[in-house]
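Chains as they are written, first to last, in our numbering: chain A, 128 to 434; chain B, 2 to 265.
Written below as structure tokens is the structure these notes are about.
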């Protein structure tokens, strides 16, 4: 083993230097920290309105204008293509009846319950597929395949199994949403940087603690994306089921309203129902899922240009 | 001229004679028949409280060696003894969890160690203060600069209260000024905590700046080529003449090792 000829001459530090060093070091560090820390600039509200609110408003106005134009030019007879105002009247009528919120609530509560059940089933299922090799090989491909099967295809089968009952509707919703939620979690887990898993293991987070403290929080962004898609699938499946499985026992949701309007040849009510289905679907995504997703991504610094 | 090293007291760091002992350790990867030998016959002791730098070019198996000590992988032959329990490990990337604040990252390490909930917050604050990041408790990882992240990672590693700290090129991705500052920090913390440190790097100056002992590894397969005791007193500066002199000598040797690979 070779040793160095460390030159211990006068230029080497005196103890006084060594004592002065910590204060200097602290100062240097504070300076570096200050220089390298990004300053967040607040975006004024007017800017947010201009960037976020104005564009969709413009788009909606344009669509309404084109629609009104088509109505005025009578591209289709009025009973086939009512004006936006007619549709508004239909909505107003249902609102004044006091039945409008009933339809919406009927569907939304079913959708929410179905979604909650899908969550409870899809989450452990996704975790199993993501972490157990045998399970992944066995049902992973089926699960992704199920996602591309339109869940309306399940309606006839469900009616034969369960008759015209709520079970039919929930069965269809579950078959639509569970694969999405499970697949979202699987891809969320797959996208976890191996570094986090390694770091977790060195900290001693293995087994259940590893799943709870590392795996699930790390997979959260993918999981939330899956939930969002799961909700969209729930809502779609629900409407398909409601539209086909109509019976007095099932009450009246938006799907049944739509079917009733078709039977009555009431085109403005058909369009009004479609509008409501659209608004509810988008509204729940915007009011519930989008804020959660934004919050998660922002807290992790994954929305660099977020405004 | 060389006897000026102040030996660190050993008893404070436990009663053992070593913080880590490698006994004829070898490691191969691949299937039987087509195996590639990555580490060959590594025998090395890290004394309690000692700061050892493992130095080598690419392919010398430095990181593989750290994985073995950290228990993330098993040696093919020989044995590794780490009496202090699971060693703490710091990576080149900070590896902080972005879903937790700086403070909560540290608290997770404390929790995994079994520290009661009531004590975690105070202990995390104390560790942040040790790395001079008082007030960073509630900061998210992305709000911190590269140097600050590595200091939080250091605090998290210290939170494991292990007697052995493994560092896998932890400052390689930092700019020179920040790296220099973190060298000073690491030296200070090492002296305050009396930890044993096994520090892997390919940067000769960094090794000489930090270590009490520099271990040069050859590549493919990784073997211990030579060792140097670095006896300049701490704190050193990376631009010290003595650091430079030893660096030149070690670099020569390192180049020799690398040149051998070009010859066949």
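Ideal placement from N, C-alpha and C gives every residue a C-beta, glycine not left out.
What you are looking at is a predicted structure, and each value in this text was computed from that prediction instead of being measured.
- Within the same chain, and ignoring the five residues on either side of residue 155 of chain B in sequence, the residues whose Cβ sits closer than 6 Å to its Cβ are 132.
- Taking all protein chains shown into account, residue 206 of chain A has fewer than 16 neighbouring C-beta atoms within 10 Å of its C-beta and is therefore exposed.
- Assigned with DSSP and collapsed to three states, residue 132 of chain B falls in coil, not helix or strand.
- Of the candidates B:112, B:147 and B:56, the residue whose Cα lies closest to the Cα of residue 94 of chain B is B:147.
- For the segment 129-141 of chain B, the set of positions with a beta-carbon nearer than 7 Å to some beta-carbon of chain A reads 133 and 141 in chain order.
- Around residue 153 of chain B, no beta-carbon contact reaches into chain A at under 9 Å, the shortest distance being about 12 Å.
- One finds nothing in chain B with a Cβ atom closer than 9 Å to the Cβ of residue 250 of chain A; even the nearest lies about 17 Å away.
- When DSSP states are grouped into helix, strand and coil, residue 26 of chain B belongs to the strand group.
- In the displayed model, residue 308 of chain A falls within a helix according to three-state DSSP.
- Linking residue 290 of chain A to residue 296 of chain A through their CA atoms gives a straight-line distance of about 10 Å.
- Listed in chain order, the alpha helix (DSSP H) elements of length 4 or more contained wholly in the segment 268-331 of chain A are 281-289, 293-317 and 321-330.
- The C-beta of residue 100 of chain B comes closer than 8 Å to at least one C-beta of chain A.
- In the DSSP annotation of this structure, the continuous segment of the beta strand (DSSP E) that includes residue 201 of chain B starts and ends at 197-202.
- Taking a Cβ-Cβ cut-off of 7 Å, residue 174 of chain B has no neighbours in chain A, whose nearest Cβ is about 13 Å from it.
- DSSP places residue 225 of chain B in the uninterrupted beta strand (DSSP E) bounded by 224-230.
- Neighbours of residue 90 of chain B across chain A, judged by C-beta separation under 7 Å: 329.
- At the C-beta level, residue 415 of chain A and residue 282 of chain A stay beyond 8 Å of one another.
- Take residue 96 of chain B, set aside five residues on each side of it, and the residues of its chain with a beta-carbon closer than 8 Å to its own are 154, in chain order.
- The beta-carbon distance between residue 119 of chain B and residue 129 of chain B, rounded to whole angstroms, is 18 Å. This is too long to meet the 8 Å contact definition.
- In the DSSP annotation of this structure, the continuous segment of the alpha helix (DSSP H) that includes residue 360 of chain A starts and ends at 343-371.
- Close to residue 350 of chain A, with beta-carbon spacing below 9 Å, lies no residue of chain B; the smallest spacing is near 12 Å.
- With respect to chain B, the C-beta atom of residue 315 of chain A has no partner C-beta closer than 8 Å.
- Chain A has no Cβ within less than 8 Å of the Cβ of residue 168 of chain B.
- Spanning the alpha carbons of residue 178 of chain A and residue 406 of chain A requires a straight line of approximately 21 Å.
- Beta-bridge annotation (DSSP): residue 102 of chain B is paired with B:141.
- At a Cβ-Cβ threshold of 8 Å, residue 166 of chain B and residue 158 of chain B count as neighbours.
- Residue 233 of chain B carries a coil assignment under DSSP once its states are collapsed to helix, strand and coil.
- One Cα belongs to residue 357 of chain A, the other to residue 21 of chain B, and the distance between them is close to 51 Å.
- DSSP assignment within the segment 172-198 of chain B yields no whole beta strand (DSSP E) run of 3 residues or more.
- Between the alpha carbons of residue 64 of chain B and residue 429 of chain A lies a distance of about 29 Å.
- Residue 398 of chain A: not part of any beta strand (DSSP E); member of the alpha helix (DSSP H) spanning 394-411, first to last residue.
- Using a CB distance cut-off of 8 Å, residue 109 of chain B counts as an interface residue toward chain A.
- In this structure, residue 208 of chain B places its C-beta atom within 8 Å of the C-beta atom of residue 54 of chain B.
- Rounded to the nearest angstrom, the gap between the Cα atoms of residue 182 of chain A and residue 334 of chain A is 48 Å.
- Residue nearest to residue 24 of chain B within the set B:49, B:77 and B:73 is B:77 (criterion: CA-CA distance).
- Per the C-alpha coordinates, the member of B:139, B:103, B:237 and B:202 positioned closest to residue 151 of chain B is B:103.
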